[in-house]
Amino acid sequence: MKRFNGQIALVTGASSGIGMAFAEKLAANGADLILTARSTNKLNELGNRLSAQYQIQVKTIAIDLSQPGSAQSLFRETKKENLSVDLLVNNAGFGKWGSFLEFDSQVYHEMLHLNINSVVELTQLFLPNMLSNQSGGIINVASTAAFLPVPYAAVYSASKSFVLYFSEALHGEYYKKGINVLALCPGGTKSNFASVANQKKTISTDQYETPEVVAENGLNAFLKNKPYVVSGTKNYLTTIIPRLLSRRRVIHISGDAWKKMI
């Protein structure tokens, strides 16, 4: 049985990594798709492949959600096409690793707009229709970095902490109304995230999860109406350990670990 048959799923950041894996998994489970990312060519290539392979409808919308007004533009485009979104996957996001003063304010502005503002705005825009139908849901991609302060990734970890608590709070508001809101918290993932994040040192990714595993874990948790899920047992353990130590100790250990990667 296809778990999302007849539904429409909107996936942001769909052209690579976890977003592409979500698109693939949802298509295989019968969902029609709205895919967004910045790259028109990558989106069209993915959309054409999924449409042909799974016999579904795919709408691609190239848009940069780090820019003001982009969420409203995306919403207007879906309304113009009379597309009613059943599942919103807020996956688009990026981070920068390095000393806080290494990056200028424009980088942080775009990061915060994409990681936080667009998540809030898209949720606010698409949630009312889900409530009218008394069904649907939202998956917000956070991170294991949401569970602790991360020196050398201060703004990124703080933004993902927002996504985690925002998602859990909305879960508490709407789970009795037929809407599930899930925070998906992956750890290290085999994608291009690290290169975008300014990682300068080569580290082993052998223990990293694939985007496909992360997306599957997210969808399974969503269908179980969980408020959050950490993808992978080892990653889950990394979120537990900080609770056993003093805040100062956690900050120092976290900083030492992340400094080795930049």
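Throughout, our numbering is defined as the position within the sequence shown, counted from one, plus 1171.
Glycine included, C-beta positions come from ideal geometry on N, C-alpha and C.
Since the model is a prediction, treat every value here as computed from it, not as a measurement.
Nearest-angstrom beta carbon gap, A1233 and R1209 [assumed within contact, 8 Å]: 6 Å
Exposure of N1396, with buried meaning 16 or more beta-carbon neighbours within 10 Å: exposed
For S1241 and N1300, believed in contact at Cβ under 8 Å, the rounded distance: In fact, because the Cβ distance is near 19 Å, the residues do not count as touching under 8 Å.
Helix, strand or coil at Y1445 [DSSP, three-state]: Not covered by the structure: residue 1445. The range shown for the chain is 1172 to 1433.
A1202 versus I1227 - alpha carbon distance: 7 Å
8 Å Cβ cutoff met for N1200 and K1230: no
Collapsed DSSP secondary structure at K1230 in the structure displayed: strand
Sequence ranges, beta strand (DSSP E) only - wholly within the stretch 1250 to 1316, length at least 3: 1258 to 1261 and 1308 to 1312
Under the three-state DSSP convention, the category L1408 falls into: helix
C-alpha distance - S1169 paired with P1239, whole-angstrom precision: A question about residue 1169 goes unanswered here, because the residues of the chain that appear run from 1172 up to 1433.
Element boundaries [beta strand (DSSP E), containing L1206]: D1203 to A1208
Closest by C-alpha distance to L1355, when choosing among Y1345, E1339 and P1322: E1339
A1324, DSSP secondary structure in three states: coil
Nearest-angstrom Cα separation, counted from K1267 out to A1368: Interpretation of A1368 is limited by its pLDDT of 48, a score under 50 that renders its predicted location unreliable; no figure is taken from the coordinates.
V1312 versus K1250 - alpha carbon distance: 24 Å
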